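Undergrad:
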Amino acid sequence: GDVYKRQAHKSLAVICQALSTLDVGKFGILGFGNQATMIQPLQSNFTAEDGAHLLKTFTFDQTATRVASMLGMARKAFANCATNTASKSIIFERLLIIISDGRGIFNEGKDIVVEAVRSARLENIFIIFLIVENMSNEGDKPGGKPQDSILDIRLASFSNEGVPTVVPYMEEFPFSHYVILR
């Protein structure tokens, strides 16, 4: 909804401004949903015009989440950046910050997503996943939580013996470094 969109935009703006202010080097932005799209290639600065373009670009109306595809595009962007650098001896620190509601992570298949996360880690990409909760009126009350919290989601899972069990979604979440924003 609109609250989620505003929170995601705010998170993105704060991160971009911080990265630009800290002079961290090059950073880029890509969007993902049904497909991944490079919104801003890796570059050294972030202008007000870039910010305005981002707000227009991110509509949050895609109907699917393709995380493995997004990770593949991010890995390629990092690799191209390293290849285009004059000194081949430089070891790059690579940080990938993902902003999402965190749902539908395994749409492409659990094994494919887990392998994509593993491949990113092997390429020295440190991933931080910011889960933006879709707030409801319940979540605005003191001590309340979102009506439809990611922490409430359960997944059916099978043991090695084929016995079905129900586990919390976040137990299976493939990203080890995450923050839930409410």
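Residue numbering for the sequence shown follows my numbering, beginning at 251 and increasing consecutively. Built from N, CA and C at the ideal position, the CB exists for glycine as well. Please read all numbers here as calculations on a predicted model, not as lab measurements.
1) Going by CA-CA distance only, name the one from 354, 331 and 324 that's closest to residue 275.
2) Pairs of beta-carbons, one from the stretch 402-409 and one from the stretch 376-383, closer than 8 Å: are there three or more?
3) Measure the Cβ-Cβ separation of residue 382 and residue 351 and say whether it is below 8 Å.
4) So, helix, strand or coil for residue 285, using DSSP?
5) Would you identify the three-state DSSP class for residue 265, choosing helix, strand or coil?
6) Using a Cβ-Cβ cutoff of less than 6 Å, which residues in the same chain neighbour residue 424 once the five nearest sequence positions on both sides are dropped?
7) When the Cα atoms are used, what is the spatial distance from residue 261 to residue 430?
8) Expressed to the nearest angstrom, what Euclidean distance is found between the alpha-carbon atoms of residue 388 and residue 256?
9) Could you name each continuous alpha helix (DSSP H) segment of 4 residues or more that falls completely within the stretch 319-377, going from the start of the chain to the end?
10) Could you compute how far the alpha carbon of residue 432 sits from the alpha carbon of residue 347?
11) Between 291, 280 and 325, which lies nearest to residue 371 when the distance is taken from Cα to Cα?
12) Whose C-alpha, out of 373, 360, 355 and 414, is nearest the C-alpha of residue 400?
13) Per DSSP, which residues does residue 271 bridge with? Please list them.
14) What is the rounded straight-line gap between the Cα of residue 272 and the Cα of residue 263?
15) Would you tell me roughly how many angstroms separate the C-alpha atoms of residue 415 and residue 269, rounded to the nearest one?
TA: So, to answer that:
1) In the sequence shown, counting from the first residue as 1, residue 275 sits at position 25. Considering only alpha carbons, the answer is 331.
2) no
3) Working through the sequence shown from its first residue, we reach residue 382 at position 132. Working through the sequence shown from its first residue, we reach residue 351 at position 101. Taking 8 Å as the Cβ cut-off, residue 382 and residue 351 qualify as a contacting pair.
4) As a position in the sequence shown, residue 285 is number 35, starting the count at 1. Three-state DSSP puts residue 285 in coil, outside helix and strand.
5) Along the sequence shown, one-based indexing puts residue 265 at 15. Reduced to three states, the DSSP call for residue 265 is helix.
6) Within the sequence shown, numbered from 1, the residue matching residue 424 stands at position 174. These residues qualify, in order along the chain: 363, 364 and 367.
7) For this step, residue 261 is matched to residue 11 along the sequence shown. For this step, residue 430 is matched to residue 180 along the sequence shown. Computed Cα separation, rounded: 12 Å.
8) In the sequence shown, counting from the first residue as 1, residue 388 sits at position 138. In the sequence shown, counting from the first residue as 1, residue 256 sits at position 6. Its pLDDT being 49, under 50, residue 388 is placed unreliably in this model, and the value from its coordinates should be taken loosely. Straight-line Cα distance between these residues: approximately 18 Å.
9) 360-372
10) In the sequence shown, residue 432 corresponds to position 182, counting from 1. In the sequence shown, residue 347 corresponds to position 97, counting from 1. For residue 432 and residue 347, the distance between alpha carbons rounds to 17 Å.
11) As a working note, residue 371 is residue 121 in the sequence shown. It is 325 whose Cα lies nearest to the Cα of residue 371.
12) Within the sequence shown, residue 400 is the residue found at index 150, counting from 1. The residue with the shortest Cα to Cα distance from residue 400 is 355.
13) Locating residue 271 in the sequence shown gives position 21, counting from the first residue. DSSP output for residue 271 lists no bridge partner at all.
14) What you label residue 272 is simply residue 22 of the sequence shown in a count that begins at 1. What you label residue 263 is simply residue 13 of the sequence shown in a count that begins at 1. The alpha-carbon atoms of residue 272 and residue 263 are separated by roughly 14 Å.
15) As a first step, residue 415 is located in the sequence shown; it is residue number 165 there, counting from the start. As a first step, residue 269 is located in the sequence shown; it is residue number 19 there, counting from the start. Each residue's Cα considered, the two are about 42 Å apart.
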